[in-house]
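Here is the structure we will look at, set down as structure tokens.
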Amino acid sequence: MIPASVTDQFGVPIEAESVPRKVADPFDFGGGHMDPDRAANPGLVYDVDAREYNKFFNCTLGSSHGCESYQLNLNLPSIAIPDLKDHVTVQRTVTNVGAVRTTYHAVLEAPARVVMSVEPSVITFVKGSSTSMTFRVSFTTKRRVQGGFTFGSLTWSDGNTHSVRIPVAVRTVIQDFVADTS
3 MIPASVTDQF GVPIEAESVP RKVADPFDFG GGHMDPDRAA NPGLVYDVDA
53 REYNKFFNCT LGSSHGCESY QLNLNLPSIA IPDLKDHVTV QRTVTNVGAV
103 RTTYHAVLEA PARVVMSVEP SVITFVKGSS TSMTFRVSFT TKRRVQGGFT
153 FGSLTWSDGN THSVRIPVAV RTVIQDFVAD TS
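Just so we're aligned, residue 3 is where the sequence shown starts under my numbering, counting upward by one.
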């Protein structure tokens, strides 16, 4: 996870390079514009073991045993829920690479028509404890509609130096077989 911003140097939202021009969404900018100065001291990182990637790639090649779990829970610095019908919970793990005694608070920006929560909402790293913490993010539809993707974010903030943001993309669906091209 490299610290990034979703606004330019003037505080204006990033635009997608498309015709017509539009405000960029996480599919356009990912985590945002990279900030190399902040990358030297990110505070938290989302590590992925190569074995987990191998399991994920096997799922993309047609293996279906346990694949939904890998697709939703691969420890990426983003969350994508392509078919939210009612409720789903995903899991991520952050590793503290900053100061030993640090507390982070979750700041949520829920996608439209979705209730989003994180547990625990406060994570604390102290000397002698683990440098990694696992958390769960739950998503529940507010309205059952067949829709396009809506976007939000989850940011872990220490209230001082670090603000570690990941994009969230959720698409609500009513039926699996209904295609939506919006």
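Where a beta carbon is used, it is the ideal one built from N, C-alpha and C, also for glycine.
Within the segment 83 to 119, the complete beta strand (DSSP E) segments at least 3 residues long are 89 to 98 and 104 to 111, listed from N- to C-terminus. Boundaries cannot be given for Arg146, as no alpha helix (DSSP H) includes it and DSSP labels it neither H nor E. Shown here for Val109: same chain residues with a beta carbon closer than 6 Å to its own, the five before and five after excluded, namely Thr157 and Ser159 in chain order. Per DSSP, reduced to three states, the secondary structure at Arg23 is coil, with no helix or strand assignment. Under the criterion of beta carbons closer than 8 Å, Ile83 and Arg173 qualify as touching, at roughly 7 Å. Contact check for Val120 against Phe141 fails: the beta carbons are separated by 7 Å or more.
Taking all protein chains in view, the Cβ of His89 is surrounded by fewer than 16 other Cβ atoms within 10 Å, so the residue is classified as exposed. Listed in chain order, the non-local C-beta contacts of Ala114 below 7 Å within the same chain comprise Thr152, local neighbours out to five positions each way being set aside. Boundaries for Thr174: no alpha helix (DSSP H) harbours it, while the beta strand (DSSP E) harbouring it runs Ser165 to Thr174, taken from the DSSP string.
One Cα belongs to Gln93, the other to Asp51, and the distance between them is close to 15 Å.
The closest CA to that of Val102, considering only Ser80, Val25, Ala18 and Ser134, is found on Ser134.
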